[in-house]
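Participant: Starting off with a structure, shown below.
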Amino acid sequence: MFRDNFLWGGAIAAHQVEGSYDQDGKGLSVSDVMTSGAHGVPRRITDGVIPGENYPNHGAIDHYRRYEEDISLFAEMGFKALRISIDWSRIYPNGDDMAPNERGLAHYDNVFDCMLKHGIEPVVTLQHFEIPLHLAEEYGGWANRALIDMFERYATTCFERFRDKVRYWMTFNEINNQFNTKNDLYGWTNSGVRFSQHPDPERLMYQAAHYQFVASARAVSAAHRIDPDIKVGCMVAATPVYPASCHPEDMLLSLDAMHETLFFTDVQCNGAYPSYARRHFERCGWTLDITEEDLRELRLGTVDYLGFSYYYSSVIDHAAHIELGDEITRSDSRMVDNPFVPETAWDWRIDPEGLRTTLKIFDERYRLPQFIVECGVGLVEELNESATVEDDERIEYLRAHIEQASCAVEMDGVDLMGFLVWGCIDPVSFTTGEMRKRYGLIYVDVNDDGSGTGDRFKKKSFQWYRRVIESNGGVLA
Ligand code: BG6
1 MFRDNFLWGG
11 AIAAHQVEGS
21 YDQDGKGLSV
31 SDVMTSGAHG
41 VPRRITDGVI
51 PGENYPNHGA
61 IDHYRRYEED
71 ISLFAEMGFK
81 ALRISIDWSR
91 IYPNGDDMAP
101 NERGLAHYDN
111 VFDCMLKHGI
121 EPVVTLQHFE
131 IPLHLAEEYG
141 GWANRALIDM
151 FERYATTCFE
161 RFRDKVRYWM
171 TFNEINNQFN
181 TKNDLYGWTN
191 SGVRFSQHPD
201 PERLMYQAAH
211 YQFVASARAV
221 SAAHRIDPDI
231 KVGCMVAATP
241 VYPASCHPED
251 MLLSLDAMHE
261 TLFFTDVQCN
271 GAYPSYARRH
281 FERCGWTLDI
291 TEEDLRELRL
301 GTVDYLGFSY
311 YYSSVIDHAA
321 HIELGDEITR
331 SDSRMVDNPF
341 VPETAWDWRI
351 DPEGLRTTLK
361 IFDERYRLPQ
371 FIVECGVGLV
381 EELNESATVE
391 DDERIEYLRA
401 HIEQASCAVE
411 MDGVDLMGFL
421 VWGCIDPVSF
431 TTGEMRKRYG
441 LIYVDVNDDG
451 SGTGDRFKKK
461 SFQWYRRVIE
471 SNGGVLA
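Using our numbering, read the sequence shown as starting at 1 and increasing by one per residue.
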């Protein structure tokens, strides 16, 4: 059974729901120059905002102005927690500004007040796929050490301003996405860098990640200084990688492929670089900019909990070589399909047991509290004549994943803080920029071209999730 104060709820991110991309003093962020795409059609990164292009997050679902309505719907479902992100470019429009933008801070004050009024605990990510565009253009993004100080300033501003309202924070969303250097989307949104324009993308990735590790550790230390009760977590996209067969090489490969997730959690949870990473740097002949002082800061700023998203597992086959093409969720050409699990229309593998496997791996490696801060499924959906969506597929997806989380708690002894449904209200998809890929328990009448009334409608899963929360996960049918 889940603990009494289990944090049931949902998760959204600023750039995927807010809209109002140029309001109240906000600067441009890297997400503001990403066009829409589709399954197999990559999103493009444009040089600035170009008239005539479709930038889905400019309007998104207008949550920036409709947050009260949305939060009261979440409250009706019984949410105990809501994960949002603060858009850095609303607080420091250029990133290198010396003073914060008061209108940006005031907006999030209002949002947190509204959550607290409804008894909903805010869970807040500081960087969820957006940094001020100016930092990418003028500084080269996280490839530049200068960003550490700027992030620390931004994080400290937020901790101080919201210390009485927000207890749970995360520093970088899915910090490990950038491990996939084959696709510019990830380097751009994680770090404001374009791997395709760099001679040695892998080295650049490790360097950018290092500066983020130091920035994150500093943020943890700053938060604890400001208020020892604040809890700061890391956040990774967790993907267990299975060996395709019992061939010994597949097993060894799968262990290495797991580093795509574990390298990041190893540094952030243990506060030190793992030996396999040091070896890798040596083998590649890299001398990364990692100072003794950085290593000290990493040791001091280990995270309080491990936050992660879980969507799917992967399979690796030493003998395979598939063309990656526009495939953006697989970083290695030896990643193959799994004949034992179904896939969504976007080829995302549905594997609930993979969630339990993930929880077990993390628990045995770190013995830290864990928080499932994203889990959900993107489906093609339309309103029916009763103005709802019979999303039985989503209910089944969530039911099966919650059941596996419960097994991890009850049978494996995992310390689990909460479960948040990704995109609890239909957001703009991150990888494709589509509205068509819907995740919500609440349907939003916005289409890919931005048309639609913007009205909100409860899907069948809305009432189902209300019962799940009410019963603390006891009633999943
Ligand atoms: C995670 C992100 O990658 O998965 C979210 O943290 C994202 O921002 C979610 O939306 C689902 O991905 P997508 O591409 O289907 O929206």
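Here a beta-carbon is modelled for each residue, glycine too, at the ideal position from N, C-alpha and C.
A quick note: this is a predicted structure, and the numbers were derived from the prediction, not measured.
1. Note down the Cα distance separating residue 153 from residue 27, rounded to an integer number of angstroms.
2. Measuring straight from C-alpha to C-alpha, what distance separates residue 120 and residue 90?
3. By Cβ distance, which residues of its chain are closer than 8 Å to residue 356, with the 5 residues on each side in sequence left out?
4. Unbroken beta strand (DSSP E) runs of length 3 or more, entirely within the stretch 60-139: which are they?
5. Please report how far the alpha carbon of residue 318 lies from the alpha carbon of residue 32, in whole angstroms.
6. If the criterion is Cβ atoms closer than 9 Å, does the pair residue 450 and residue 94 meet it?
7. Going along the chain, which residues of its own chain have a beta-carbon closer than 6 Å to the beta-carbon of residue 240, five neighbours each way excluded?
8. Thinking just about the alpha-carbon of each residue, which of 44, 224, 389 and 387 is nearest to the one in residue 196?
9. Assign residue 228 to buried or exposed, taking buried as 16 or more other Cβ atoms, counted over all protein chains shown, within 10 Å of its Cβ.
10. Should residue 67 be labelled buried (16 or more other beta-carbon atoms within 10 Å of its own) or exposed?
11. In the DSSP assignment, what are the bridge partners of residue 458?
12. Name, in chain order, the residues that DSSP records as bridge partners for residue 242.
13. Would the C-beta of residue 331 count as close to the ligand BG6, meaning under 8 Å from any of its heavy atoms?
14. Just grab the DSSP bridge partners of residue 343 for me.
15. How would you label residue 385, buried or exposed, when you count the other beta carbons within 10 angstroms and need 16 or more for buried?
16. Take every Cβ of the stretch 269-288, pair it with every Cβ of the stretch 335-353, and state whether three or more of those distances are shorter than 8 Å.
17. Spatial neighbours of residue 194 within its chain, please: C-beta separation below 8 Å, excluding the five flanking residues on both sides.
18. Can you confirm whether the stretch 220-239 touches the stretch 168-176 when touching is taken to mean that 3 or more C-beta pairs between the two stretches lie within less than 8 Å?
19. According to DSSP, is residue 309 helix, strand or coil?
20. Which word fits residue 464, buried or exposed, when buried means at least 16 other C-beta atoms lie within 10 angstroms of its C-beta?
21. Work out the CA separation of residue 225 and residue 268 for me, nearest whole Å.
22. For the beta strand (DSSP E) that residue 168 lies in, which residues bound it at each end?
23. Please report how far the alpha carbon of residue 382 lies from the alpha carbon of residue 335, in whole angstroms.
24. Give a yes or no on contact between the stretch 436-453 and the stretch 361-372, applying the rule of three or more CB pairs nearer than 8 Å.
25. Where residue 398 and residue 92 are concerned, what is the direct C-alpha to C-alpha distance, given to the nearest angstrom?
26. Taking three-plus beta-carbon pairs below 8 Å as touching, is the stretch 278-288 in contact with the stretch 133-151?
27. Under the three-state reduction of DSSP, which class applies to residue 158: helix, strand or coil?
28. Quick one: is residue 300 buried, meaning 16 or more other Cβ sit within 10 Å of its Cβ, or exposed?
29. Tell me which residue opens and which closes the alpha helix (DSSP H) that residue 407 is part of.
30. Does the ligand BG6 have even one heavy atom less than 8 Å from the beta-carbon of residue 432?
31. Exposed or buried, what is residue 321 when buried is set at 16 or more other beta-carbons lying within 10 Å of its beta-carbon?
32. Give the straight-line distance between the Cα atoms of residue 57 and residue 115, rounded to the nearest whole angstrom.
33. Sort 77, 69 and 171 by Cα distance to residue 87 and report the nearest one.
34. Restricting to runs no shorter than 3 residues, where is the beta strand (DSSP E) found entirely within the stretch 231-293?
35. Less than 9 Å between the C-beta atoms of residue 328 and residue 122, yes or no?
36. Quick check: the Cα distance between residue 71 and residue 166, rounded to an integer number of angstroms?
Facilitator: In short, the structure shows the following:
1. 17 Å
2. 23 Å
3. 404, 405, 407, 408 and 412
4. 81-85 and 121-127
5. Their Cα atoms are separated by approximately 39 Å.
6. no
7. 313, 354, 357 and 358
8. 44
9. So residue 228 counts as exposed.
10. buried
11. 442
12. By DSSP's assignment, residue 242 forms a beta bridge with 315.
13. Not so, every heavy atom of the ligand BG6 lies at least 8 Å from the Cβ.
14. 349
15. exposed
16. At 8 Å Cβ cutoff, the stretches do not touch.
17. 45, 184, 187 and 188
18. Contact holds: three or more Cβ-Cβ distances are below 8 Å.
19. Here residue 309 sits in strand by DSSP.
20. buried
21. When rounded, the distance between both Cα atoms is 18 Å.
22. 168-172
23. Those two C-alpha atoms are separated by around 33 Å.
24. no
25. 37 Å
26. no
27. Reduced to three states, the DSSP call for residue 158 is helix.
28. Residue 300 is classed as exposed because its beta carbon has fewer than 16 other beta carbons within 10 Å across all chains shown.
29. 392-410
30. yes
31. exposed
32. 23 Å
33. 171
34. 231-238 and 241-243
35. no
36. 16 Å
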